[in-house]
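Novice: Numbers in this note's numbering are just positions in the sequence shown, counted from 1, shifted up by 2. Positions of the beta carbon are idealized from the N, C-alpha and C atoms, including for glycine.
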Amino acid sequence: MARHNLISIELLTTAIQQINGAFDLIDQILDGKVINLSPADRQRYGSINEQNKLFILKANSFYQAKGQLLPHYFDRAEYEKDFHHRQVFENLEYRTNELYEKLRDTRTLLDYDAMRFSSQMYKQAKNMSESGVPGVDFWVAEMAQFFKRSRIDLEAMAEEEDVDNAAEQED
3 MARHNLISIE LLTTAIQQIN GAFDLIDQIL DGKVINLSPA DRQRYGSINE
53 QNKLFILKAN SFYQAKGQLL PHYFDRAEYE KDFHHRQVFE NLEYRTNELY
103 EKLRDTRTLL DYDAMRFSSQ MYKQAKNMSE SGVPGVDFWV AEMAQFFKRS
153 RIDLEAMAEE EDVDNAAEQE D
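(1) If I measure Cβ to Cβ from M3 and keep anything under 6 Å in the same chain, skipping five residues before and after, which residues do I get?
(2) With H, G and I counted as helix, E and B as strand and the rest as coil, what does DSSP make of G23?
(3) Using three-state DSSP, classify Y75 as helix, strand or coil.
(4) Could you check whether the Cβ of K60 sits closer than 7 Å to any heavy atom belonging to the ligand MN?
(5) Looking only at its chain, what residues have a beta carbon closer than 7 Å to the beta carbon of F64, apart from the 5 residues adjacent to it on each side?
(6) Measure the C-alpha to C-alpha separation of P73 and F85 and round it to an integer number of angstroms.
(7) Hey, could you find the ends of the alpha helix (DSSP H) L39 is sitting in?
(8) Using beta-carbon positions only, say whether V142 and S133 come within less than 8 Å of one another.
(9) What three-state label does DSSP hand S49 in the structure shown?
(10) Can you tell me where the alpha helix (DSSP H) with E144 in it begins and where it stops?
(11) Assuming M145 and A116 make a contact with CB atoms under 8 Å, what is their CB distance in whole Å?
(12) Could you compute how far the alpha carbon of L112 sits from the alpha carbon of P41?
Have a look at this one:
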């Protein structure tokens, strides 16, 4: 991966509209079929670990082989529906998480690139301000306020970019 401009993508307006439309469609299809638990309920119900998932699968194997032995009050229809949809939602969750990770990673690289370009811009604006270019002081002051409390050393990032650019020019 390059040290600067790690990613360069372009999404046309139509593609963005299609993506948002797909999300809207998914939201409409799932409306009334999915639940948003409160933090307290999420804590109360928790989530099952891998061993419990294996238990559920083993119990389903028993159901498939010997379900006729279960008492009449065992709600077979509800069990089958719950088991089936549990698998469906697990798959949807997996696919959603996979997509989320790709989106997050892409945005992370875009953030990194934007930060490097912004730090370069700040350094150039500082140089222009020191050279007396009119109208730049305001912007330098606006950007400088972020250096006081930022955990990221933007000035060091700009210096590093200068070293990278100089090395490229020598090649």
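Specialist: The structure says:
(1) By one-based count along the sequence shown, residue 3 stands at place 1. Below a pLDDT of 50, predicted positions are generally treated as unreliable, and M3, at 48, falls in that range; the measurement from the model is reported next regardless. The beta carbon of M3 is closer than 6 Å to none in its chain, skipping five residues each way along the sequence.
(2) To locate residue 23, count along the sequence shown from 1; it is residue 21. Helix at G23.
(3) Position 73 of the sequence shown, counted from the first residue, corresponds to residue 75. Of the three classes helix, strand and coil, the one that applies to Y75 here is coil, per DSSP.
(4) This structure does not include the ligand MN; it has no bound ligands of any sort.
(5) By 1-based counting over the sequence shown, the position of residue 64 is 62. Hits under 7 Å: none found.
(6) Counted from its first residue, the sequence shown places residue 73 at position 71. Counted from its first residue, the sequence shown places residue 85 at position 83. Going from the Cα of P73 to the Cα of F85 covers about 18 Å.
(7) Stepping through the sequence shown from its first residue, residue 39 is reached at position 37. In this chain, L39 is not harboured by any alpha helix (DSSP H), its DSSP state being neither H nor E.
(8) Taking the first residue of the sequence shown as 1, we reach residue 142 at position 140. Taking the first residue of the sequence shown as 1, we reach residue 133 at position 131. With respect to the 8 Å criterion, V142 and S133 are not classified as neighbours on the basis of their beta carbons.
(9) The residue given as residue 49 occupies position 47 in the sequence shown. If DSSP states are grouped into helix, strand and coil, S49 belongs with coil.
(10) Numbered from its first residue, the sequence shown carries residue 144 at position 142. Membership of E144 in the alpha helix (DSSP H) is indicated by the continuous run 139 to 146.
(11) Working through the sequence shown from its first residue, we reach residue 145 at position 143. Working through the sequence shown from its first residue, we reach residue 116 at position 114. Not really, about 13 Å apart at Cβ, beyond 8 Å.
(12) Along the sequence shown, one-based indexing puts residue 112 at 110. Along the sequence shown, one-based indexing puts residue 41 at 39. Our two residues, L112 and P41, have alpha carbons roughly 32 Å apart in a direct line.
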